[in-house]
């Protein structure tokens with residue numbers, strides 16, 4: 001019985017990992033399509049790093065990630081596939 005439970009848990013863990021990879025690939029395809037159509041602009045700020053202890057803003061929050069997805073003002077609002085991606089100007 002224990003062996004069957006271990007096998008089931010291992011199978012579930014592999015399934016979760018596979019599902020995560022599929023989701024990440026989908027998100028990457030959506031972002032690439034948004035960039036291709038000009039809905040968003042992706043910039044890479046190599047100087048910014050997440051988790052810097054020397055951030056100057058005084059709060060306890062980490063700095064934003066090095067790659068930022070910036071919405072363009074002409075982007076349609078109804079094309080959002082991921083709730084973390086805002087295509088409205090001025091929103092994050």
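Numbering (the UniProt record's numbering), first residue to last: 1 to 92.
We treat Cβ as the ideally placed atom computed from N, Cα and C, and that holds for glycine.
This one's a predicted model, so the numbers in the text were calculated from it and none came from an experiment.
Rounded to the nearest angstrom, the gap between the Cα atoms of residue 11 and residue 18 is 11 Å. Secondary structure note for residue 26: its alpha helix (DSSP H) is the uninterrupted segment 2 to 37.
Excluding residues up to 5 positions away in sequence, nothing lies with its Cβ nearer than 8 Å to the Cβ of residue 36 in the same chain.
By the neighbour-count criterion, in which 16 or more other beta carbons inside 10 Å mark a residue as buried, residue 40 falls on the buried side.
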